[in-house]
Amino acid sequence: MAQPAWQEPVPLALDSASVPEYGGGSLADLLPTLAAGQGVPGFDAVIPELTPADRNCVFLIDGLGWEQIKAHPDEAPFLHSLLPTSRGGTGRPLTAGFPSTTATSLASVGTGRPPGEHGLNGYTARNPETGALMNQLRWKPWTEPRVWQPYPTVFQLAHEAGVRTAQVSAPTFEQTPLTKVALSGGSFLGRLSGEERVDLAAERLAAGDRSLVYTYYSEVDGKGHRFGVDSDAWRGQLMYVDGLARRLAEQLPPRSALYITADHGMIDIPFDEQSRIDFDEDWELSAGVALLGGEGRARHVYAVPGAEADVLAVWREVLGEQFWVASRDEAVSAGWFGPHIDARVHGRIGDVVAAAHDDVVITASVNEPHESAMAGMHGSLTPVELLVPLLEVRS
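One rule links them: number in the numbering used here = place in the sequence shown (from 1) + 110.
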């Protein structure tokens, strides 16, 4: 029902946003649960639905959320057939953390910690030490990795406990800072093709009595960003990765569990002015803003000192019917970044945090031309972005 002309817009209530299931049903809980089942000291089985296995393989498909698998039974018949196995046979998804974006999610997977602890709290975030934006996916400008993210990974701790650990991915990822702070430990094995990766993952899984193997495929996300999830190019990638998942499942050695998951889902955003609000051309939204961080559907807004309250009021007035708009303290209290925020991470969170509710993004055509031109987007707290599968095959 349309609002009467005289009625003031009512901002979205913050408690209407879904909060990631940190502590029992999020990506950050997966590897700690698997490691606990393998007897690695210091970990608890925090996802109670999962049954321990001696050999665990995690296949992470970048950008393939729960809703995308549900909506494409013809293109992904194998993955779709596994939906009832998700989350220990409950048929339920996990959640990513917030923002639902690759750098944040991979750090949550690898460290077993929510964003408020590992600190990779978005695509870009302000470095409180320098005052500059830090791109946490591309690691620009250079920042010492172990200072930015000091916690050991689950792979490192499992390797030290005698579990045979390996990551099988594209060779280009071996030396990246993101890999070092989120996914290092044991052996990194670079292979170019998807078939080579899944074959080698199965081989490494069989190499130990207790083994933990991670493998990764990125191009579902890549085609979604470029062409959208309603494109033939994206559907072609979905069909391909469905075959990879089946190929890996058919090679599992005895006493193994394969978990197929993702870092986030994705949503297509129309190319029109109503759906794409250009911060670089909007004097009202940019007033009092020193830095715009995050990404289109999950923005960290850093205000000029003293302007924090004014920026929050304007963003809430202008965008509050389409975005959940919170102050830093409100976002922290709501649990968006996890139950605990490390002191070094607090200043990385925006003075204002805006998470999209509608099919809309805040672009920055001058400062983010590549990102602003993407067809498919993600980052927010909507189910299509936040929910990820945990499909299971056991041998």
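We put the CB at the ideal spot given by N, CA and C, even for glycine.
Check                                                                                                                                                                         : Outcome
Could you pull out every residue in the same chain whose Cβ sits closer than 7 Å to the Cβ of residue 247, ignoring the five residues on either side in sequence?             : 212, 213, 233, 288
I'd like the ranges of any alpha helix (DSSP H) spanning at least 4 consecutive residues and lying wholly in the stretch 428-499.                                             : 438-443, 453-456, 479-482, 493-496
Give me the DSSP bridge partner(s) of residue 214.                                                                                                                            : BP columns for residue 214 are empty, so no partner.
Evaluate residue 221 with the Cβ neighbour count: other Cβ atoms within 10 Å of its Cβ, from every protein chain shown; 16 or more gives buried, anything less gives exposed. : buried
With residue 408 as the anchor, note down where its beta strand (DSSP E) starts and where it stops.                                                                           : 408-413
Give the DSSP bridge partners of residue 239, in chain order.                                                                                                                 : Bridge partners of residue 239: none, in fact.
Assuming residue 236 and residue 401 make a contact with CB atoms under 8 Å, what is their CB distance in whole Å?                                                            : 6 Å
In or out: residue 250 buried (at least 16 other Cβ within 10 Å) or exposed?                                                                                                  : exposed
Does the beta-carbon of residue 447 have 16 or more other beta-carbons within 10 angstroms, so that it is buried, or is it exposed?                                           : buried
So for residue 345, helix, strand or coil by DSSP?                                                                                                                            : helix
Just how far apart, CA to CA, sit residue 111 and residue 239?                                                                                                                : Residue confidence is low: residue 111 scores 46 on pLDDT, short of 50, so the model does not pin down where it sits. Its coordinate-derived value is still stated next. One C-alpha to the other measures close to 48 Å.
Short of 6 Å in beta carbon distance, which residues of its chain neighbour residue 283, apart from the five on each side in sequence? Order them along the chain.            : 289
Starting from the Cα of residue 497, find the closest Cα among 174, 156, 364, 164 and give me that residue.                                                                   : 174
Are there three or more Cβ pairs, one per stretch, closer than 8 Å when the stretch 420-440 is compared with the stretch 451-466?                                             : yes
Keeping to the same chain, check which residues put their C-beta closer than 6 Å to that of residue 139; ignore five residues upstream and five downstream.                   : 156, 157
Can you tell me the Cα-Cα spacing of residue 393 and residue 422, whole angstroms?                                                                                            : 15 Å
Using only alpha-carbon positions, find the residue among 379, 456, 460 that is nearest to residue 411.                                                                       : 460
Let's see if you can read the secondary structure: which residues bound the alpha helix (DSSP H) around residue 178?                                                          : 176-180
Determine the extent of the beta strand (DSSP E) in which residue 57 is found, giving its start and end residues.                                                             : For the chain, the structure presents residues 111 to 505; residue 57 sits outside this window and is missing.
Along the chain, where does the beta strand (DSSP E) that runs through residue 400 open and close?                                                                            : 399-405
Terminal residues of the continuous alpha helix (DSSP H) containing residue 321?                                                                                              : No alpha helix (DSSP H) holds residue 321; the beta strand (DSSP E) holding it covers 321-327.
Take the Cβ of residue 257 as the centre, count every other Cβ of all protein chains shown within 10 Å, and call the residue buried at 16 or more, exposed below.             : exposed
Distance check for residue 372 and residue 202, CA to CA, integer angstroms please.                                                                                           : 14 Å
Looking at residue 369: is its Cβ nearer than 7 Å to the Cβ of residue 168?                                                                                                   : yes
Tell whether a beta-carbon distance below 7 Å holds between residue 489 and residue 303.                                                                                      : no
Would you mind working out which of 342, 472, 500 sits nearest residue 405, comparing C-alpha positions?                                                                      : 472
Ignore the nearest five residues each way along the sequence and tell me which others in residue 162's own chain have a CB closer than 6 Å to its CB.                         : 147
Report the option in 391, 428, 455, 219 whose CA atom is closest to the CA atom of residue 171.                                                                               : 219
Would you tell me roughly how many angstroms separate the C-alpha atoms of residue 197 and residue 137, rounded to the nearest one?                                           : 11 Å
Give the range of the alpha helix (DSSP H) segment to which residue 265 is assigned.                                                                                          : 264-270
In three-state DSSP terms, what is residue 421?                                                                                                                               : helix
Cutting at 6 Å between CB atoms, please list the residues of its own chain near residue 326, excluding the five before and the five after it.                                 : 170, 279
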